[in-house]
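Numbering (this note's numbering), first residue to last: 21 to 181.
Here's the structure, in structure tokens; my notes come after.
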């Protein structure tokens, strides 16, 4: 995240799939002081609230975030794209809620993305780029569940509309 965005240039941050707020401390440590967490689980959001790091927490299920268009500068999303989780249309919602020039930083389990189950996600990533909605600035492989040998792609995409 911090390799591509800084609080000064991208102050309005959304943590999609924030869950219990696991990433919130790192986001705060990186310099963001007032950011929004979004998750579909009331129980997870309740735990995130106890961390007292988010400016606001939103209960929503992607692709229908209910958030205003172009309302964020940067979006962080870890662990939402795997079997049975966020649909490919969630990527369209990322584009909608980010301002032009905004950054989506998101992970997708490598085996899922490269396999049959994740084919629609891969296709949507590519379609959004081909349509000029975003440009993939970076795609790298990182350990995701190291004890299980599972890796993920981390994408950085800049939005155009």
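Backbone N, C-alpha and C fix where the C-beta goes; we use that ideal spot for every residue, glycine too.
Straight-line measurement puts the Cα of residue 93 at about 18 Å from the Cα of residue 152.
Each residue's CA atom was taken as its position, placing residue 130 and residue 78 some 28 Å apart. Under the DSSP definition of a beta bridge, residue 154 partners with 179. When beta bridges are read from the DSSP output, residue 163 appears opposite 171. In the three-state DSSP reduction, residue 94 falls in the strand class (E or B). Among the bridge pairs identified by DSSP, residue 114 is matched with none. By the C-beta density criterion, residue 165 is exposed, having fewer than 16 other C-beta atoms within 10 angstroms.
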